[in-house]
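Undergrad:
In our numbering, the protein residues as written are 3 to 395.
1. Based on the DSSP secondary-structure assignment, which residues constitute the bridge partners of residue 70?
2. How should residue 16 be labelled, buried or exposed, when 16 other C-beta atoms within 10 angstroms of its C-beta is the threshold for buried?
3. Could you pull the start and end residues of the alpha helix (DSSP H) that residue 350 belongs to?
4. Run the CB neighbour count on residue 224, radius 10 Å, all protein chains shown included, and call it buried at 16 or more, exposed below.
5. Taking only three categories from DSSP, how would you classify residue 300?
6. Please state the DSSP three-state secondary structure of residue 21.
7. Where residue 376 and residue 323 are concerned, what is the direct C-alpha to C-alpha distance, given to the nearest angstrom?
8. Within 10 Å of its beta-carbon, does residue 386 have 16 or more other beta-carbons around it, so buried, or fewer, so exposed?
9. Pick out whichever of 139, 92 and 140 has its Cα sitting closest to the Cα of residue 117.
10. Classify residue 58: buried if its beta carbon has 16 or more other beta carbons within 10 angstroms, exposed otherwise.
11. Around the Cβ of residue 80, are there at least 16 other Cβ atoms within 10 angstroms (buried) or fewer (exposed)?
12. Counting only beta-carbon separations shorter than 7 Å, does residue 323 have a partner in chain C?
13. Rounded to whole angstroms, what is the Cα-Cα separation between residue 341 and residue 208?
14. Considering only the alpha carbon of each residue, which of 347, 249 and 144 lies closest to residue 382?
15. Specify the secondary structure class of residue 28 as computed by DSSP and reduced to three states.
16. Alpha carbon to alpha carbon, what distance is there between residue 353 and residue 465?
17. Cα separation between residue 183 and residue 202?
18. Can you check whether the CB of residue 316 is closer than 7 Å to the CB of residue 44?
19. Pull the bridge partners of residue 39 from the DSSP assignment, please.
20. Give the DSSP bridge partners of residue 65, in chain order.
21. Along the alpha helix (DSSP H) that carries residue 319, what are the first and last residues, could you check?
22. Can you list, in chain order, the residues of its chain with a C-beta nearer than 7 Å to that of residue 186? Leave out the 5 residues immediately preceding and following it.
23. In whole angstroms, what is the alpha-carbon distance linking residue 290 and residue 384?
24. Under a three-way DSSP split, which group does residue 229 fall into?
25. Can the beta-carbon of residue 162 be found less than 7 Å from the beta-carbon of residue 56?
26. Grouping DSSP H, G and I as helix and E and B as strand, with all else coil, what is residue 12?
27. For residue 94, which residues in the same chain have their Cβ closer than 6 Å to its Cβ, ignoring the five residues on either side in sequence?
28. Report the option in 10, 66 and 3 whose CA atom is closest to the CA atom of residue 33.
29. With distance defined between alpha-carbon atoms, name the residue in 378, 379, 370 and 380 nearest to residue 395.
30. Since residue 165 and residue 82 should fall inside the 8 Å C-beta cutoff, what is the C-beta to C-beta distance between them, to a whole number of angstroms?
31. Got a sec? Which residues, its chain only, sit under 7 Å from residue 314 by beta carbon, not counting five neighbours each side?
32. How close, in whole Å, do the beta carbons of residue 189 and residue 206 come, if the pair is a contact with beta carbons under 8 Å?
33. Shortest alpha-carbon distance to residue 1 belongs to which of 170, 75, 181 and 197?
34. So is residue 136 buried or exposed if we call it buried at 16+ other beta carbons inside 10 Å?
35. Apply the 10 Å Cβ neighbour rule to residue 146 and answer buried if 16 or more other Cβ atoms are within range, or exposed otherwise.
36. Tell me the residue span of the alpha helix (DSSP H) that contains residue 292.
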């Protein structure tokens with residue numbers, strides 16, 4: 003991943019890059035620290051579902067450590083650039099994983115397109131879900147405000163949309179031109195603190211051609227930076243229009259499982275994917291099953307488990323699978339779910355499982371008993387959240 007980042011942002015300036023493995027009680031550690039990355043222990047045994055978080059941490063070596071903003075009003079220069087670059091890293095890595103599993107050169111462009119589409123849609127959906135009436139603009143005025151009172155409401159995903167749109171418009175005539183700009187930008191401002199005007203000036207200086215200047219002029223950067231975001235402003239990129247073939251195939255497979263009237267222990271051919279799905283495909287498949295869980299039965303889940311072995315998967319996939327089992331009221335999975343939540347006792351995993359089990363009235367006492375027995379291994383923040391979920395305050 004570091005090699006992918008260097009191909010986009012330029013060479014890594016520091017001599018070393020350390021990896022700190024977190025305990026299971028901490029799913030992630032959001033701190034910008036040069037020369038070190040904090041990773042969950044699940045990554046050590048092939049958990050590729052957290053590759054996006056890993057990419058965010060790696061891209062911080064350039065967006066925040068090498069070039070940083072001069073104050074909190076310009077924090078989007080760190081955060082939005084970080085989202086933009088990490089998504090490109092994630093796209094490249096997922097493409098490599100999927101391509102290695104397909105082994106067909108002619109479908110590589112299609113895979114690249116599908117991955118890019120998928121990640122763009124994911125980001126735009128996150129932006130659309132935000133409470134727009136409480137949002138500040140991308141570059142807020144923090145006069146007489148404490149930074150933490152405003153910066154959490156800044157729509158940094160909107161800055162990523164700006165950079166994605168800028169890349170799309172500038173690369174209509176020439177591909178990879180924006181990545182060359184990024185390398186030049188990080189080299190130009192290496193080890194400096196800058197503001198938004200510094201970035202804009204260098205953008206116009208780098209793209210000084212007549213056609214490029216017209217693109218930047220038509221973009222009206224002021225509106226992107228200083229106007230409060232509304233749902234109507236969220237664009238739809240040409241490459242991000244609906245589900246990809248990749249997503250559709252996973253969703254269709256889940257839909258066939260949901261609609262299948264199972265009267266036998268044998269799985270019909272139409273329900274068997276011809277290849278082993280990657281982690282991202284498993285997440286999409288499980289997400290689709292979650293939306294139609296009322297039509298699933300324990301018998302169907304047993305057959306799905308035999309086919310895909312979700313009980314032996316990495317943390318995020320296993321958590322998603324166990325939540326589905328709880329929704330369908332599979333009593334036999336309750337013990338496994340509580341054990342998983344107690345071992346991986348970070349809020350990312352424990353809160354949802356205990357929440358679902360608390361809502362299942364018959365399982366509420368055992369959920370509370372398990373929490374009380376295991377809370378000593380949890381962080382105070384996790385204890386506080388779970389105490390609220392289980393109504394123990």
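All C-beta atoms, glycine included, are put in the ideal place defined by N, C-alpha and C.
TA: Reading off the structure:
1. 195
2. exposed
3. 349-361
4. exposed
5. helix
6. strand
7. 22 Å
8. exposed
9. 92
10. buried
11. buried
12. Absent from the structure: chain C. Only one protein chain is present.
13. 56 Å
14. 347
15. coil
16. Residue numbering for the chain in the displayed model covers 3 to 395; residue 465 lies beyond these limits and cannot be assessed.
17. 12 Å
18. yes
19. 21
20. 69
21. 317-329
22. 208
23. 28 Å
24. coil
25. no
26. coil
27. 6
28. 66
29. 370
30. 7 Å
31. none
32. Their Cβ separation, rounded to whole angstroms, is 18 Å, which puts residue 189 and residue 206 out of contact at 8 Å.
33. Outside the shown range of the chain, which is 3 to 395, sits residue 1, and nothing can be said about it.
34. Residue placement at residue 136 is poorly supported in this model, since its pLDDT is 42, which falls under 50; the coordinates are not used for a value here.
35. exposed
36. 281-293
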